[in-house]
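Have a look at the structure below, then the notes.
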Amino acid sequence: MSTEMTRREDQRPERVAERPSLAPRVDVFENKDELLLIADLPGVSEANLTIHLDNEELTIEGRPDEDRTESSLQREFRMLDYRRRFVVPAGIDRNKINAELTNGVLRLHLPKSDALKPRRIDVKAG
Amino acid sequence: MWLTGWGDFDHDFAVFDELRRRMDRLFQDFDSGRWLAGDRAGLATQAWPRANLFDTGSDIVLVAEVPGLGQKDVQISATQDALTLSGERKAEAPEGYSVHRKERAGVQFSRSFALPCKINVEKTTATVRNGILTVTMGKSPDAQPRRITVKAQA
């Protein structure tokens, strides 16, 4: 018997290699034209960043440079993969999504489709 | 009104992500021994930037997470036995935007590290790449590891 639960499970294939990952810190801003998502991804270069949009689900994955192998005198962080998923609201123009990565900070622009932008309605004199 | 819908942005995953981030931090703090120092308030009191320190034999290498900072945004000063990083990271909302989620913090920082041995300030170099700062400090000659030859005794 296929319940809602099992069906949902089927849609989430397991990963072959499960590496520990970290959810990056994210800011989300909005203006009349777009949603702007800013994420801290220190150590990730453009080549190692994947942004994937599948239906409603936006996935950001980044693999930072390899950790150093020398003996550490003090350690406060590890170079772990970054992974975080978001549900993209309706009304985003998917074809216009664009991103920049500068100094380990991702800026992802999610432009609103024209139908959702606030519009000024002129009132005609009667 | 359609505006209310935006508030639900990534609602599904938000709780899990937050939980996981806290767990991650718990483990990292545990690894670094900071939990012993009574750093329970978390973010606010956490030293910024987070840094690792390595000994390569000839150099002491500091690696710090400075996302958003470029070459000109970090001031580094070194003495024989201490290194100080200072600067400011801005993370406020861009003008004209409203805030839905704010996890990245702006910070004005100045952090000093006591070095485990004397370094040669002249032989200290720093690079910033993809938000990772690497400071390589050459050890002073008397702190370099030395090979000691064992003489055979007649």
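One line per chain: the protein sequences are A and B, in this order.
Letter by letter, the first sequence follows residues 1 to 126 of my numbering.
Letter by letter, the second sequence follows residues 1001 to 1154 of my numbering.
Glycine included, C-beta positions come from ideal geometry on N, C-alpha and C.
Runs of the beta strand (DSSP E) spanning 3 or more residues and lying entirely within the segment 1089–1139 of chain B occur at 1098–1102, 1107–1114, 1119–1129, 1132–1139, in chain order. Note: threonine 1084 (chain B) is bridge-paired with B:Ser1077, B:Ser1112 in the DSSP secondary-structure output. In chain B, no part has a C-beta under 9 Å from the C-beta of arginine 94 (chain A); the shortest such distance is about 15 Å.
Contact check for aspartate 40 (chain A) against proline 24 (chain A) passes: the beta carbons are separated by less than 8 Å. Of all residues in the segment 1063–1075 of chain B, those with a C-beta nearer than 8 Å to a C-beta of chain A are Val1063, Glu1065, Val1066, Pro1067, Gly1068, Leu1069, Gly1070, reading in chain order. Contact with chain B is absent for valine 16 (chain A), since none of that chain's Cβ atoms lies less than 8 Å from the residue's Cβ. The beta carbon of isoleucine 97 (chain A) sits no closer than 8 Å to any beta carbon of chain B.
Neighbours of asparagine 1052 (chain B) across chain A, judged by C-beta separation under 7 Å: Ser72, Gln74, Arg75, Glu76, Phe77.
In the displayed model, proline 1067 (chain B) falls within coil according to three-state DSSP, outside both helix and strand. One thing to note: phenylalanine 1054 (chain B) has its Cβ within 8 Å of the Cβ of serine 71 (chain A). Shown here for tryptophan 1048 (chain B): same chain residues with a beta carbon closer than 6 Å to its own, the five before and five after excluded, namely Val1107, Phe1109 in chain order. Note on geometry: alpha-carbon atoms of valine 1061 (chain B) and valine 28 (chain A) lie some 35 Å from one another.
At least one C-beta of chain A is nearer than 8 Å to the C-beta of arginine 1104 (chain B). Neighbours of leucine 108 (chain A) across chain B, judged by C-beta separation under 9 Å, do not exist; the nearest C-beta is about 12 Å away.
Not a single C-beta of chain A is nearer than 8 Å to the C-beta of asparagine 1120 (chain B). Counting every other CB atom within 10 Å of its CB across the protein chains shown gives lysine 96 (chain A) a total below 16, marking it as exposed. One alpha carbon belongs to asparagine 1130 (chain B), the other to phenylalanine 77 (chain A), and they sit about 16 Å apart. Along the segment 1081–1103 of chain B, going in chain order, the ones with a CB nearer than 8 Å to a CB of chain A are Ala1091, Ala1093, Pro1094, Gly1096, Tyr1097, Ser1098, Val1099, His1100, Arg1101, Lys1102, Glu1103.
Under DSSP, arginine 83 (chain A) shares a beta bridge with A:Glu61. A:Arg85 is the residue among A:Glu46, A:Arg85, A:Gln74, A:Lys117 whose C-alpha sits nearest the C-alpha of histidine 52 (chain A).
Annotated three-state conformation of leucine 41 (chain A) is coil, per DSSP. Rounded to whole angstroms, the separation of the alpha carbons of leucine 73 (chain A) and glycine 1068 (chain B) is 26 Å. The three-state reading of DSSP puts proline 89 (chain A) in coil, since its state is none of H, G, I, E or B.
Annotation for serine 71 (chain A): the continuous beta strand (DSSP E) segment containing it runs 71–74. In this structure, leucine 108 (chain A) keeps its C-beta atom at 8 Å or more from the C-beta atom of glutamate 46 (chain A). In the DSSP assignment, valine 105 (chain A) falls within the unbroken beta strand (DSSP E) covering 105–111.
Residue nearest to glutamine 1046 (chain B) within the set B:Arg1146, B:Thr1056, B:Glu1065, B:Ser1058 is B:Glu1065 (criterion: CA-CA distance). Under the Cβ criterion of 8 Å, proline 1116 (chain B) is counted among the residues facing chain A.
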